[in-house]
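Trainee:
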Amino acid sequence: AAPSDLVSEISLQGHRSDVRAVALSPDDDMLASVSKRYLKIWSTRTWQCIRSTRIGYGLCCAFLPHPGGPHVVCGTKDGRIVVVSVATGECVQDIDAHNGKAVWSIAVRPDGSGLCSGSADKTLRFWSIKSHATAELTQVRTFKLKEVVLSVRFAYRRQNSTRKRKKTAQTLRQYATVI
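Under the numbering used here, the final residue of the sequence shown carries the number 195; numbering is consecutive throughout.
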């Protein structure tokens with residue numbers, strides 16, 4: 017394929033400032049995006065914004081599977097972790113997590129039981145779901161590093177089927193061509 021065939025322009029209508037991060041839901045049905053003020057959740061079937069929640073200056077986001085329905089976890093420039101219900105768009109928890117320093121990255125555990133956050137405060141913090149009824153997070157461990165933490169990830173077991181990978185690739189291609 018020609019190099020120009022591999023480039024698609026993506027523009028999330030509705031954000032009034034630069035999009036800082038996007039996350040695709042585990043079932044590929046939703047896409048979350050964060051910007052200077054808002055978390056927006058988009059349907060990948062209709063490409064319409066289905067939720068818009070003011071969270072402050074969002075830098076990262078991830079979907080958190082939950083028995084009561086999915087939630088989106090966002091890291092902010094002022095060091096907060098914000099948990100938002102996809103069903104209602106309401107903020108269910110707002111934690112001053114990193115001493116006022118930017119939360120650059122969030123990764124959800126492969127089993128969905130918690131997450132990890134990395135920050136400009138030079139810490140890596142681990143969180144577990146304290147209450148499965150409300151998706152409330154509680155901090156369980158902190159690692160202090162000598163440098164700022166820009167990215168965190170968990171290792172996943174290879175359980176992702178070829179069919180699932182193809183669906184994800186197809187969803188992202190559709191998103192790039194619709195917008």
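Ideal Cβ positions, reconstructed from N, Cα and C, are used throughout, including at glycine.
This structure is a prediction, so every number in the text was calculated from the model and none was measured.
Within 10 Å of its beta-carbon, does Ile-66 have 16 or more other beta-carbons around it, so buried, or fewer, so exposed?
Mentor: So Ile-66 ends up on the exposed side.
Trainee: Contact defined as beta carbons within less than 8 Å: I believe Arg-36 pairs with Gly-74. What is the distance between those atoms, to the nearest angstrom?
Mentor: Contact flag correct, Cβ pair sits at about 6 Å.
Trainee: Measuring CB to CB, does Val-98 end up less than 7 Å from Gly-85?
Mentor: Contact: no.
Trainee: Judging by CA-CA distance, which residue of Arg-53, Ala-78, Ala-149 and Gly-30 is the nearest neighbour of Leu-131?
Mentor: Nearest option by C-alpha distance: Ala-78.
Trainee: Buried or exposed for Arg-141, please, with buried defined as at least 16 other CB atoms from any protein chain shown within 10 angstroms of its CB.
Mentor: Its Cβ being crowded by 16 or more others within 10 Å, Arg-141 is buried.
Trainee: Can you tell me the Cα-Cα spacing of Asp-34 and Lys-93, whole angstroms?
Mentor: If I take the Cα positions, the gap works out to 14 Å.
Trainee: Is Val-164 helix, strand or coil by DSSP?
Mentor: Three-state result, Val-164: coil.
Trainee: Work out the CA separation of Ile-122 and Val-168 for me, nearest whole Å.
Mentor: For Val-168 and Ile-122, the distance between alpha carbons rounds to 6 Å.
Trainee: With the cut-off set at 7 Å, would you say Lys-138 and Leu-161 are in Cβ contact?
Mentor: Yes. Within cutoff.
Trainee: Using the beta-carbon count (16 or more within 10 Å), is Val-100 buried or exposed?
Mentor: Under this definition Val-100 is a buried residue.
Trainee: Please name the residue, chosen from Thr-60, Pro-42, Glu-163 and Ala-118, that lies closest to His-82 on a Cα-to-Cα basis.
Mentor: The shortest Cα separation from His-82 among Thr-60, Pro-42, Glu-163 and Ala-118 belongs to Pro-42.
Trainee: How about Leu-47 and Thr-60: do their beta carbons lie closer than 7 Å?
Mentor: Contact flag set, yes.
Trainee: Give the straight-line distance between the Cα atoms of His-31 and Ala-171, rounded to the nearest whole angstrom.
Mentor: Rounded to the nearest angstrom, the two C-alpha atoms are 32 Å apart.
Trainee: Sorted by chain position, which residues of the same chain lie with C-beta nearer than 7 Å to Thr-6's C-beta, five sequence neighbours on each side aside?
Mentor: As shown, the chain starts at 17 and ends at 195. That puts residue 6 outside it, with no answer to give.
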